[in-house]
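Residue numbers (the working numbering): 1 to 214.
Written as structure tokens, this is what we have:
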């Protein structure tokens, strides 16, 4: 409903650590689960509190991974809960490498591939093989990597020769825990190598540029 109000022509979703995954038994819903905002109907409150709610992610979305090519961008988004399966990662990389060289190549996942300044990292915050994944994505000439989970907005630029790969940490829309950022990240692509990204926060007081690359 929110995406329709934004009039977004394409909407893609991958699971986060609080979503019920497609396939296999679902975990018990934590008391602060995002499901109570997004996936739970009003008559499921008792089930949610009891931890017996069994709504699965793919009842609302097409699948746990997505692949998209447009006129200017190629995107692969992969489920990372609790890790990215090897076969899924190989399929995502092959999709991006098979895209036309003039397209901006974007890789999206939930779990982080890099730490965030000021965040005390704990087990599960980063994918255990993050270094290997980053290396392979750079080999695949991926331009932009987008991660969530940490909710500390930050941008890294990794260099390999003349190649540049940008990594962006996303904010949260709902989690207002002190130290975390709220809002959305906007990426504007005016050309293959002209990319600007900025944080559009919810109150309009903390907008800042993350990437201004040419």
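In this text, a Cβ means the ideal position worked out from N, Cα and C, and glycines have one as well.
As assigned by DSSP and simplified to three states, the class of residue 189: strand
Buried versus exposed call for residue 186 [16 or more other C-beta atoms within 10 Å across all chains shown]: Around the beta-carbon of residue 186, fewer than 16 other beta-carbon atoms lie within 10 Å, marking it exposed.
Own chain partners of residue 181 with C-beta closer than 8 Å, once the 5 adjacent residues on each side are dropped: 151, 152, 153, 171, 172, 199, 201 and 206
Proximity of residue 79 and residue 128 at Cβ, strictly below 7 Å: no
Three-way DSSP call (helix, strand, coil) for residue 77 in this model: For residue 77, the three-state secondary structure derived from DSSP is strand.
Opposing strand residues paired with residue 166 [DSSP bridges]: Bridge partners of residue 166: 144 and 157.
Sequence-distant residues of the same chain with beta carbon closer than 8 Å to residue 190, five excluded per side: 196
Cβ-based burial, residue 169 [other Cβ within 10 Å; buried from 16]: The Cβ neighbour count for residue 169, taken over all protein chains shown within 10 Å, is at least 16; the residue is labelled buried.
Neighbour-count burial assignment, residue 113, 16 or more Cβ in a 10 Å radius: buried
Whole-Å CB distance - residue 96 paired with residue 74, under 8 Å assumed: 6 Å
Proximity winner among 148, 212, 104 and 157, relative to residue 183 (alpha-carbon distances): Per the Cα distances, 148.
Close beta carbons around residue 67, own chain, < 7 Å, minus the five adjacent residues each side: Same-chain partners within the cutoff: 76 and 95.
For residue 123, three-class secondary structure by DSSP: Residue 123: coil per DSSP, three-state reduction.
Assigned exposure category for residue 175 - 16 Cβ within 10 Å defines buried: exposed
Own chain residues within Cβ distance below 6 Å of residue 188, not counting five before or after: Same-chain partners within the cutoff: 196.
Nearest candidate by alpha-carbon position, reference residue 161, set 167, 155 and 138: 138
Simplified DSSP assignment, three categories, for residue 137: helix
Per DSSP, cross-strand counterpart(s) of residue 88: DSSP lists no partner for residue 88.
Contact check, residue 143 vs residue 105, beta carbons under 7 Å: It is a contact, given that the beta carbons lie within the stated cut-off.
Collapsed DSSP secondary structure at residue 207 in the structure displayed: coil
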